[in-house]
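Notes for the one structure printed next.
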Amino acid sequence: MQIRIIAVGKIKERFLTEGIAEYEKRLTPYLKLAIVEVADEKRTVHSSAGQEQLIKDREGDRILAAIPEGVYVVALDVRGKEMSSEALAARMHTWQLAGMNSIVMIIGGDLGLSEAVLARADLRLSISPMTFTHQMVRLILLEQVYRACRINSGEPYHK
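Under the numbering used here, the final residue of the sequence shown carries the number 161; numbering is consecutive throughout.
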């Protein structure tokens with residue numbers, strides 16, 4: 003299976019880059035992973051709703067341009083479907099059985115995802131009803147994908 007994570011912005015915090023690197027290494031035996039970073043738009047503290055929409059749309063255009071043809075797209079969205087780690091593992095197993103070996107997972111910027119990106123998604127997935135920074139979500143997502151791979155391989159993983 004190949005998973006491409008498309009994420010808005012770069013990770014600046016060292017503790018997050020180290021954690022992400024660790025899970026990239028752990029995932030190597032299970033799948034081919036690529037992380038594609040698209041540029042984020044700069045904004046002011048007091049951006050208007052119209053300016054924020056324009057920012058999401060511009061970031062969304064970059065995300066859409068980075069999605070290859072014919073892939074299954076999962077958009078991380080706070081309003082998306084919540085599922086347990088076991089349910090994510092089962093979904094990933096179902097994708098493999100159905101021959102969907104190329105999955106794109108999208109993490110938006112701090113304003114979220116544009117409507118165009120959400121419309122392109124085959125699945126809208128919520129990591130949690132709680133709010134996390136989009137940088138932290140990358141680490142959390144990688145950990146959950148790793149956990150799903152371990153579950154699907156019948157290997158132990160702490161609960």
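Don't be surprised by glycine CBs; every beta carbon is placed ideally from N, CA and C.
Leu141 burial status per 10 Å Cβ neighbour count (16 or more: buried): Counting Cβ neighbours within 10 Å, Leu141 comes out buried, since at least 16 surround it.
Given 8 Å, three or more beta-carbon pairs between the region 108-117 and the region 58-71: As far as the Cβ criterion goes, the region 108-117 touches the region 58-71, which means the pair count is three or higher.
Residue from Arg149, Gln137, Gly156, Cys151 whose Cα sits closest to the Cα of Arg16: Of the candidates Arg149, Gln137, Gly156, Cys151, the one whose C-alpha sits nearest the C-alpha of Arg16 is Gln137.
Segments of 4+ residues assigned as alpha helix (DSSP H) that fall wholly inside the region 36-107: Given a length threshold of 4 residues, each whole run of the alpha helix (DSSP H) inside the region 36-107 is given here in chain order: 51-67, 87-99.
Three or more C-beta pairs below 8 Å linking the region 72-81 and the region 123-130: Note that the region 72-81 touches the region 123-130; at least 3 beta-carbon pairs, one per stretch, sit closer than 8 Å.
Straight-line gap, Gln98 to Ile105 (C-alpha atoms, nearest Å): Rounded to the nearest whole angstrom, the CA to CA distance from Gln98 to Ile105 is 10 Å.
CA-to-CA distance, Ser87 to Gln146, given in whole angstroms: Taking the Cα positions, Gln146 is about 7 Å away from Ser87.
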